[in-house]
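Okay, structure first, notes after.
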Amino acid sequence: MKKNIIFVVNPISGDLDKSDLLNAVEEFSVVNNFGLIIYETVGEKDVLAIQSLYDEYNPERIVVAGGDGTIKLVAEAMEKHDVIIGILPAGSANGLAVDLNLPTTLEENLKVAFLHHYIEMDMICINGKKCIHLSDIGINADLVKNYEESDTRGFWGYAMQAYTTLKDSEEPFLASVTANNQTVEHTARMIVIANSQKYGTGVTINPNGSMNDGKFELIILKSLDLVLLGMIITGNMPIDSDDIVIISTEKAFVKTDRPVNFQIDGEYCGAQNELEIHILHKQMKTAIP
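Numbered by our numbering, the letters in the sequence shown go through residues 1374 to 1662 in order.
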C-alpha cells in the first residue's frame, strides 16, 4: 500500500520557476512508491485547505517547497496533528533551511524531506503569532518593510534596500526588557527574538542558539555602526561586545518608548511598542539530514 505525501508548494515564493522542482518531486515519488498529493498555495484559506487534505489522505509526511513563510503556514495548519514536515527551500528567505543545514542540491534535499529522521523543533509565540525562526524589532524590520514595498526581488533587492535603510534609519529606541525575573533598560537599534542561529543570508546572529532546547534568545544590538554590522555579516559575531546583550529565556516582555517596526520570519508585522513572548516547546517535527 502506498504511503501518502502531501506536497505543498508556494508557486510565487522567491520569484522562482517551480516546474523543474515539481517534475523532480513527482519522479522521486514514483521511484519511492509514494502517493503524491500536490497543493499550490493561493494566499487565502490555505490553512483550511491543507487541514482538509490531511483529514482526507492521512499522509506520512507533508513536504513544503517555499520560504520560511510557507513552512510556518503548514506548521500552523498542522499544529494539532502529529506529522513530520519536510522542507525543500524555494523562497526569498530560507533561513530555517540554512539553520537546519539542509543540503544544497535538490537530489539530496528530496531524500532528507521524504525519507530522513527529524527533530522536534520549538516555536516562539509573539503577541499571539507563531515564529519558527527569527523575528526582530528595529532596523532589520525597517529593511523587511522597505523590501516588501520595493519592486526589485532577490539578493540585489535586499542589497539596495539595506543601503537605503541604513542611510535613512531613525534614532535608536529605548526598550524595557523583562525576562528571568529581571527588568533591564537598553537603548537599542534592534532586538532579535531568535529560535535559531542564522538569518537566511547565512549571517549568524545567535551563536549559541538551539531550536529544540525549550528556550529562545533576545539579542539586543545597542548600536549598529558599520564596523559592528560588518563583523556580523562576515560571520564574526562579537558575543563579548559591550554593544550586544544576549538573554536566554522561556518568556519575556519587551516595551519600547515608541512604536518600532517589527517582523516575524521575514514578514513585516507593523510598528509595535509591546511584545509578549513565550516559547512553544517541541511544536513541529522537522526532517533533518
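Idealized CB from N, CA, C, for every residue including glycine.
Compare the beta carbon distance of residue i and residue j with 8 Å and say whether it is the shorter of the two.
i: P1545; j: A1561; result: yes
i: L1421; j: I1378; result: no
i: I1661; j: Y1491; result: yes
i: Y1641; j: A1514; result: yes
i: K1503; j: A1448; result: yes
i: G1386; j: A1463; result: What sits at residue 1386 in the sequence shown is Ser, not Gly. Against a cut-off of 8 Å, the Cβ pair of A1463 and S1386 comes out as a contact.
i: N1585; j: K1655; result: yes
i: T1414; j: V1456; result: no
i: T1499; j: D1441; result: According to the sequence provided, residue 1499 is Ile. The question's Thr does not apply to it. Cβ distance not < 8 Å, so I1499 and D1441 don't count as in contact.
i: K1658; j: I1444; result: no
i: A1450; j: Q1424; result: yes
i: K1376; j: F1407; result: yes
Hey, out of the options, whose CA is closest to residue i's CA?
i: S1402; options: G1575, Y1641, E1433; result: E1433
i: Q1555; options: L1426, V1447, T1622, S1569; result: T1622
i: Y1520; options: Q1636, Q1656, N1474; result: Q1636
i: H1559; options: R1631, S1614, V1618, C1498; result: V1618
i: L1597; options: N1585, K1571, I1564; result: I1564
i: L1594; options: D1472, D1615, N1406; result: D1615
i: K1571; options: N1585, I1512, D1472; result: D1472
i: I1650; options: L1488, L1507, I1512, T1577; result: L1507
i: E1399; options: G1587, F1487, M1494; result: F1487
i: T1629; options: V1550, N1585, G1575; result: V1550
i: F1626; options: N1646, V1633, D1441, N1579; result: N1646
i: L1483; options: I1460, G1573, T1414; result: I1460
i: S1569; options: G1587, A1552, V1557; result: G1587
i: I1510; options: K1391, N1553, V1633; result: V1633
i: A1552; options: V1415, I1652, T1659; result: I1652
i: K1624; options: E1429, D1419, R1631, F1589; result: F1589
i: R1631; options: A1548, V1576, T1574; result: A1548
With DSSP as the reference, identify every bridge partner of residue i, one or two as the case may be.
i: G1439; result: P1462
i: E1640; result: I1637
i: Y1412; result: V1381
i: Y1491; result: A1660
i: T1577; result: K1571
i: E1399; result: Paired residues: none, contrary to the question.
i: M1496; result: L1653
i: K1376; result: F1407
i: I1592; result: V1565, I1619
Would you kindly report the start and end of the unbroken alpha helix (DSSP H) that includes residue i?
i: I1637; result: First-last for I1637: 1624-1637, but that is the beta strand (DSSP E), not the alpha helix (DSSP H).
i: L1389; result: Unbroken run through L1389: none, as it is neither H nor E.
i: D1429; result: Just to set this straight, residue 1429 is Glu in the shown sequence, not Asp. Start and end: 1419-1430.
i: K1484; result: 1479-1488
i: D1616; result: No alpha helix (DSSP H) holds D1616; DSSP gives it neither H nor E.
i: V1471; result: 1468-1472
Residue i to residue j, Cα distance in whole Å?
i: V1517; j: G1639; result: 7 Å
i: G1468; j: M1374; result: 36 Å
i: L1479; j: V1485; result: 10 Å
i: P1384; j: P1476; result: 21 Å
i: V1436; j: M1496; result: 18 Å
i: E1493; j: G1582; result: 15 Å
i: I1411; j: D1390; result: 16 Å
Residue i lies in the beta strand (DSSP E); which residues open and close that run?
i: G1511; result: 1507-1511
i: K1453; result: Element bounds for K1453: n/a, residue is neither H nor E.
i: M1584; result: Here M1584 belongs to no beta strand (DSSP E), and DSSP marks it neither H nor E.
i: V1550; result: 1546-1552
i: K1502; result: 1502-1504
i: I1558; result: The question names Ile, yet the displayed sequence has Glu at residue 1558. Run containing E1558: 1555-1561, per the beta strand (DSSP E) assignment.
Nearest chain D C-beta to residue i closer than 8 Å, yes or no?
i: E1544; result: Judged by its chain identifiers, the structure shown contains no chain D, having just a single protein chain.
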